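Here is the structure we will look at, set down as structure tokens.
2 protein chains.
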Amino acid sequence: MDNLVDKKKCIIKSALCLIQEHGFHGCPVSMVAKNAGVAAGTIYTYFENKDDLILGIYEYVVEEIKNYVTERDDISLSFKDRFYNYWKNLTDFYELNPSIHGFYDQFLNSPFNSEETQNKPNAWHEYAYSFFNEGIKRGEIKELNPIVLSILVNTNVNSIVRIKKNFKNKLAKNNMVLDEISHLIWDGIKAK
Amino acid sequence: MDNLVDKKKCIIKSALCLIQEHGFHGCPVSMVAKNAGVAAGTIYTYFENKDDLILGIYEYVVEEIKNYVTERDDISLSFKDRFYNYWKNLTDFYELNPSIHGFYDQFLNSPFNSEETQNKPNAWHEYAYSFFNEGIKRGEIKELNPIVLSILVNTNVNSIVRIKKNFKNKLAKNNMVLDEISHLIWDGIKAK
DNA sequence: ATCGACTGAATGAACGTTCAATCACAATGC
DNA sequence: GCATTGTGATTGAACGTTCATTCAGTCGAT
């Protein structure tokens, strides 16, 4: 039965790249099928419809991010070090997986990201939430809303990666500057 | 001939709301036409095609943002005060015009925002660029790339407005926290 | 009478989705 | 070991719908 899981993942990965490149429209099911090396009809054995496919991609993406970041968290470190790790790992992950970054950015601001989707249990969001919550409990960061904190940090990482992507060549000297943003945020949220 | 300008604006405004709500797809030209009180064909006297309409909305949106922020800038103030003004005005504008905020967020991360679009002259980006550039020249902020600076500030304002929108009710106490982000950023970019 | 904006039904291409037919393969019977 | 049957994934042509776009005809101002 592993074959079925593989094929589903294969469809998801194909769609991920294409959607990132062409947008949600601009990426017909037939194109996804061709790219994944299956017939159009096959997609409908794995997904109810195109919307369901897109939600499936989102779930996959969120799972991948969570795995990468949690695997590299080290709870024996100080929270400050864990924060910088979190930042670096998320950045690395997006840079290693530009199409995930592109898809995620697009999805977050699209109407697909409905209130319903946002309220669904989401391992990545829950992890990020509990991560910052722990920092608060340990008294190492200010008593802010952990949800807000995680959104802010994720947004900043997100946009820094986007800036690096867009300004790849013109920006050699300023990568340094971008990396400083993490210090800036840490200084802002750490307990005084 | 003012009638023509008005009608064009009317079409743009109608499309703006609908796209913000339903996404670029999910918003057919016929729907825009109905909402604007014109026939579908009329849209084609003002725009070459749907893509051109969407770019037209973008240009309109960018113009509106620029006007609001520049009109409220006061060059006689210290750069620090001007920075806080900039932040507040941009925030206010998005909160007064949620559909512009929604559209802009969506547009920035979509394939419509192509390299070509990004390289087109853009009064708002140029203003933001020159704003931060002046801060650097005056020696009041660090020597960072002004483009990077403006993107970072705009991104943070953007996402704070989004957080406020999404957490409207649950967040009474934390608005304060969100407003603190501006201090945090200022502390990070000001000259030492 | 002229001209350009406007209309909205018509067009045709594109797309999501379906489904009858096919295929791969495992289980069963001989 | 071989033939038969059953099962469920796979295919891709076909369907019906939606949509962007067109254009012949109308309207209204000059």
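Top line first, the protein sequences correspond to chains A and B.
In terms of my numbering, the first sequence opens at residue 1 and continues consecutively.
In terms of my numbering, the second sequence opens at residue 193 and continues consecutively.
Don't be surprised by glycine CBs; every beta carbon is placed ideally from N, CA and C.
Just so it is clear, the structure is predicted and the values come from calculations on it, not from any experiment.
- Message: According to DSSP, simplified to helix, strand and coil, what is K360/B?
- Response: coil
- Message: Counting C-beta neighbours from all protein chains within 10 Å, is the total for S182/A 16 or more, i.e. buried, or is it exposed?
- Response: buried
- Item | Sufficient close CB pairs (3 or more, under 8 Å) joining the segment 38 to 47 of chain A to the segment 78 to 89 of chain A | no
- Which residues, taken in chain order from the segment 12 to 28 of chain A, show a beta carbon closer than 9 Å to some beta carbon of chain B? Q20, E21, H22, G23, F24, H25, G26
- Three-way DSSP call (helix, strand, coil) for K334/B in this model: K334/B: coil per DSSP, three-state reduction.
- Coarse secondary structure for K193/A, derived from DSSP in three states: Past the boundaries of the shown model lies residue 193/A; chain A is included only from 1 to 192, so the question cannot be answered.
- Round the Cβ separation of G188/A and L376/B to the nearest angstrom and send it over; I've been treating them as touching at under 8 Å. 3 Å
- Message: Considering only the alpha carbon of each residue, which of I163/A, H125/A, F132/A, I75/A lies closest to N145/A?
- Response: F132/A
- Task: In angstroms with no decimal places, state the Cα-to-Cα distance between P98/A and I352/B.
- Result: Answer to the nearest angstrom: the Cα atoms are 24 Å apart.
- Task: Would you mind sorting H101/A into buried or exposed? The rule is 16 or more other CB atoms within 10 Å of its CB.
- Result: buried
- Item | Cβ-Cβ distance between V369/B and K142/A below 9 Å | yes
- Task: For H138/A, count neighbouring C-beta atoms within 10 Å of its own C-beta (all shown protein chains included) and say buried if the count is 16 or more, exposed if not.
- Result: In the sequence on display, residue 138/A carries Arg and not His. Its Cβ having fewer than 16 others within 10 Å, R138/A is exposed.
- Task: Report, in whole angstroms, the separation of the C-beta atoms of Q298/B and S110/A, which I expect to be a contact under 8 Å.
- Result: 6 Å
- In angstroms with no decimal places, state the Cα-to-Cα distance between I204/B and P121/A. 37 Å
- For the segment 93 to 115 of chain A, which residues have a CB atom closer than 7 Å to at least one CB atom of chain B, in sequence order? D105, Q106, N109, S110, P111
- Report the option in R82/A, E140/A, I19/A whose CA atom is closest to the CA atom of L53/A. I19/A
- Which residues in the same chain have their Cβ closer than 6 Å to the Cβ of R264/B, if we skip the five residues on either side of it in sequence? N281
- Cβ-based burial, S215/A [other Cβ within 10 Å; buried from 16]: Residue 215/A cannot be examined here, being either before or after the span of chain A that is shown, 1 to 192.
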